[in-house]
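Asks: Read in order, the letters of the first sequence are residues 3 to 467 in our numbering.
Glycine included, every Cβ here is placed at the ideal spot set by N, Cα and C.
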Amino acid sequence: MQIFNTMTRKKEEFVPVHEGKVGIYACGPTVYNYFHIGNARPFIIFDTLRRFLKHMGYDVTFVQNFTDIDDKMIRRANEEHTTVDAIAEKYIGEYFKDAEALGVMKADVHPRATKHIGEIIALIKKLENKGLAYEVNGDVYFDTQAYRSSYGKLSGQNLDDLESGARVEVGDIKRHPMDFALWKAQKSGEPAWKSPWGMGRPGWHIECSAMSMKYLGETFDIHCGGVDLIFPHHENEIAQSEGATGKPFAKYWMHNGHINVDNKKMSKSAGNFFTVRDIVQEFDPEAVRLFMLSAHYRSPINFSRDLIIQASNSLERLYTARNTALFNRDHAPQRPLNEAETAFKERCQKAVAAFDAAMSDDLNTADALAAIFEHVRDMNTTLTADSAVEAIDAGLDALKTMTDVLGILRKDYDSTPAEVKELVEKRAAAKKARDFAEADRLRDEVLKMGYVIEDTPKGPKVKKA
RNA sequence: GGUGCCAUAGCCAAGUGGUAAGGCAAAGGUCUGCAAAACCUUCAUUCCCCGGUUCAAAUCCGGGUGGCACCUCCA
3 MQIFNTMTRK
13 KEEFVPVHEG
23 KVGIYACGPT
33 VYNYFHIGNA
43 RPFIIFDTLR
53 RFLKHMGYDV
63 TFVQNFTDID
73 DKMIRRANEE
83 HTTVDAIAEK
93 YIGEYFKDAE
103 ALGVMKADVH
113 PRATKHIGEI
123 IALIKKLENK
133 GLAYEVNGDV
143 YFDTQAYRSS
153 YGKLSGQNLD
163 DLESGARVEV
173 GDIKRHPMDF
183 ALWKAQKSGE
193 PAWKSPWGMG
203 RPGWHIECSA
213 MSMKYLGETF
223 DIHCGGVDLI
233 FPHHENEIAQ
243 SEGATGKPFA
253 KYWMHNGHIN
263 VDNKKMSKSA
273 GNFFTVRDIV
283 QEFDPEAVRL
293 FMLSAHYRSP
303 INFSRDLIIQ
313 ASNSLERLYT
323 ARNTALFNRD
333 HAPQRPLNEA
343 ETAFKERCQK
353 AVAAFDAAMS
363 DDLNTADALA
373 AIFEHVRDMN
383 TTLTADSAVE
393 AIDAGLDALK
403 TMTDVLGILR
413 KDYDSTPAEV
423 KELVEKRAAA
433 KKARDFAEAD
443 RLRDEVLKMG
453 YVIEDTPKGP
463 KVKKA
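1) Since Asn255 and His207 should fall inside the 8 Å C-beta cutoff, what is the C-beta to C-beta distance between them, to a whole number of angstroms?
2) Where Lys92 and Lys253 are concerned, what is the direct C-alpha to C-alpha distance, given to the nearest angstrom?
3) How long is the line joining the alpha carbons of Lys485 and Phe276, rounded to whole angstroms?
4) The alpha helix (DSSP H) that contains Arg111, what's its start and end?
5) Assuming Leu184 is part of the beta strand (DSSP E), what are its boundary residues?
6) Tell me whether Tyr415 is buried or exposed, calling it buried when 16 or more other Cβ atoms sit within 10 Å of its Cβ.
7) Going along the chain, which unbroken runs of the beta strand (DSSP E) with 3 or more residues stay wholly within the stretch 22-102?
8) Between which residues of its own chain and Leu111 is the CB-CB distance below 6 Å, once the five residues before and five after are set aside?
9) Within 8 Å, do at least three Cβ pairs link the stretch 81-99 to the stretch 25-34?
10) Return the chain-ordered list of same chain residues with a C-beta closer than 8 Å to the C-beta of Ala180, the five sequence neighbours on each side being excluded.
11) Inspect the beta-carbon positions of Thr69 and Ala28 and report whether they are closer than 7 Å.
12) Tell me which residue opens and which closes the beta strand (DSSP E) that Lys463 is part of.
13) Taking only the alpha-carbon atoms, compute the straight-line gap between Leu339 and Phe329 and give it to the nearest angstrom.
14) Within the same chain, show all residues whose beta-carbon is closer than 8 Å to that of Asp442, passing over the 5 residues directly before and after it, in chain order.
15) For Met256, name the three-state secondary structure that DSSP assigns.
16) Under the DSSP definition of a beta bridge, which residues are partnered with Gln4?
17) Do Leu134 and Gly507 come within 7 Å of each other at the CB atom, strictly closer than that value?
18) Note down the Cα distance separating Gly228 from Ala342, rounded to an integer number of angstroms.
19) With 16 as the cutoff for other CB atoms within 10 Å, does Asn258 come out buried or exposed?
20) Taking 8 Å as the threshold, find out whether the stretch 70-84 comes into contact with the stretch 49-58 through three or more Cβ pairs.
21) Using three-state DSSP, classify Asp457 as helix, strand or coil.
22) Look at the Cβ atom of Arg1, then the Cβ atom of Ile394, and state whether they are nearer than 7 Å.
23) For Pro204, which residues does DSSP report across the bridge?
24) With a Cβ-Cβ cutoff of 7 Å, do Trp199 and Trp185 count as a contact?
25) Run the CB neighbour count on Glu15, radius 10 Å, all protein chains shown included, and call it buried at 16 or more, exposed below.
26) So the beta strand (DSSP E) Phe305 belongs to, where does it begin and stop?
27) Which residues mark the beginning and the end of the beta strand (DSSP E) in which Ile394 is found?
28) Hey, out of Ile175, Ala183, Leu320, Lys99, whose CA is closest to Glu130's CA?
29) Excluding the 5 residues preceding and the 5 following Leu444 in the sequence, name in chain order all residues of the same chain whose CB lies nearer than 6 Å to its CB.
30) Sort out for me which residues DSSP pairs Phe144 with in a bridge.
31) Decide if Asp223 is buried, meaning its Cβ has at least 16 other Cβ atoms within 10 Å, or exposed.
32) DSSP state of Thr326, grouped into three classes?
33) Between the Cα of Ala109 and the Cα atoms of His20, Lys189, Tyr97, Phe285, which residue gives the shortest distance?
34) Give the C-beta separation of His236 and Leu156 to the nearest angstrom, bearing in mind that I take them to be a contact with Cβ-Cβ under 8 Å.
35) Check for me: the alpha helix (DSSP H) holding Asn238 runs from which residue to which?
36) Which two residues bound the contiguous beta strand (DSSP E) that contains Phe222?
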């Protein structure tokens with residue numbers, strides 16, 4: 003497949019470091035709160051990347067960290083009058099709830115910074131020995147001057163340009179404004195770990211270097227995250243990792259665009275900030291997922307209720323098509339395919355091929371969705387309750403293959419409760435007796451119970467309202 | 001100041017040189033006891049504007065206009 007690599011600013015053919023295997027590191031959340039829809043985008047996008055690579059036959063190792071120690075964590079713990087550890091435990095649990103609702107699979111490894119202090123210290127030590135880090139009063143900083151020639155290659159900026167925009171703080175003890183903390187000396191009341199530089203805690207960037215290399219090797223395939231992480235976070239990860247090992251770090255860098263609200267960046271202060279927890283109270287989480295996949299992952303997208311409703315309606319079309327096929331399948335004859343059905347089966351394969359081609363083009367999910375909708379139209383026009391079971395299965399299998407990659411259509415075709423079924427049968431009898439008033443009354447009753455009746459040549463079909 | 005991105009129908013959106021995918025919404029029709037769903041038809045001679053290159057431009061080049069992001073540990 004082709005992947006747009008932020009490092010080269012080009013689409014490149016994906017060639018894994020080890021044949022048949024892919025190692026992916028995704029920057030995960032700081033677990034100080036419920037995550038917001040902006041966080042949800044990379045989770046969904048890179049979960050989709052993972053699913054697609056698996057579908058293409060790769061053995062994928064997916065690593066996503068939890069940042070469980072930093073300023074925000076400490077602040078939150080103080081606000082809630084508890085410990086940083088308790089905050090982490092709580093919001094990691096909440097992360098998994100929301101992630102599951104969105105169809106985001108658990109990573110193969112979810113490393114936490116505080117469980118990798120040893121690896122972090124070892125990495126800092128290595129940088130210190132190479133002359134790329136220095137200690138001041140218990141803080142340790144990365145020496146960007148000593149790494150001058152390579153620093154800035156991801157963000158496409160050199161140190162001189164960066165300096166002009168850098169904020170120099172009064173009383174800064176760093177040698178250079180662009181130097182960044184690898185280790186922070188303990189301040190009173192903060193959690194701290196023992197280190198060669200005294201009690202302290204890791205800086206933000208170093209955890210991702212230490213944990214990604216631990217689980218994926220010093221050189222691995224894909225590193226991903228939001229665009230805002232390009233600088234400084236990912237730039238610093240490269241400096242730390244390649245500085246320490248002398249080897250290339252990640253081969254491909256993928257960055258998703260932001261979600262805006264009213265064309266403005268979401269922010270708490272602007273009051274246009276939505277957590278996933280809030281949104282799923284009102285909308286189907288699958289509609290949120292489909293919304294995220296409806297545009298290319300690198301484009302900025304606007305979030306609004308209207309767009310979630312649009313996505314929700316699109317999703318409905320997909321579910322209806324699947325459920326209709328499933329209903330037809332129950333009445334369909336077991337017989338060899340006729341000519342038209344054989345042609346249909348071939349088109350099913352073509353649909354999946356078109357889907358794969360779209361996804362292979364730097365994860366063009368919008369184009370991939372078009373392949374799904376075209377297949378759905380084909381199913382709706384070709385398949386009936388008189389189609390061969392094999393034909394219906396071909397249609398359903400192709401649909402499932404595609405929607406599984408996108409992580410949508412995850413809900414089963416619910417079985418109808420017995421009391422609803424009974425009313426549906428009574429209505430069918432009334433209808434047959436041409437007592438339409440009674441039939442309509444019973445249909446309304448069923449509707450009140452949350453089910454919709456649709457008449458078909460093979461009898462009534464029931465679905466949730 | 002430095003570094004980038006974007007502009008396609010009422011809405012969302014794909015399309016990077018060969019004559020505008022797909023979805024939502026809307027309208028008409030077929031089917032239906034009525035519905036629902038589905039299907040058919042309609043819905044951008046045109047892709048922000050002005051120039052240029054080319055047999056050919058939404059796509060390439062130049063210049064505008066408008067919007068957004070990073071350089072603030074924010075995904």
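Replies: Let's see:
1) This sequence places Trp at residue 255; Asn is not what is there. Wrong, their Cβ atoms sit about 15 Å apart, outside the cutoff.
2) 34 Å
3) As shown, the chain starts at 3 and ends at 467. That puts residue 485 outside it, with no answer to give.
4) Position check: residue 111 holds Val in this sequence, whereas Arg was assumed. Run containing Val111: none; DSSP gives neither H nor E here.
5) 182-187
6) exposed
7) 23-28, 61-66
8) Looking at the sequence provided, one finds Val at residue 111 rather than Leu. Cβ within range, chain order: Val65, Tyr217.
9) yes
10) Here residue 180 is Met; the residue named in the question, Ala, does not match the sequence. Excluding sequence neighbours, Met180 sits near Thr146, Tyr153, Leu161, Leu164, Glu165, Ala168.
11) no
12) 461-466
13) 19 Å
14) none
15) strand
16) Glu15, Asp363
17) Coverage of the chain is limited to positions 3 through 467, which leaves residue 507 absent and any answer about it impossible.
18) 47 Å
19) buried
20) no
21) strand
22) The first residue shown for the chain is 3 and the last is 467, placing residue 1 beyond what the model contains.
23) Trp185
24) yes
25) exposed
26) 303-305
27) Careful: Ile394 lies outside any beta strand (DSSP E), inside the alpha helix (DSSP H) at 391-408.
28) Ala183
29) Leu425, Lys428, Arg429
30) Ala135, Phe182
31) buried
32) helix
33) Tyr97
34) 6 Å
35) 237-247
36) 222-228
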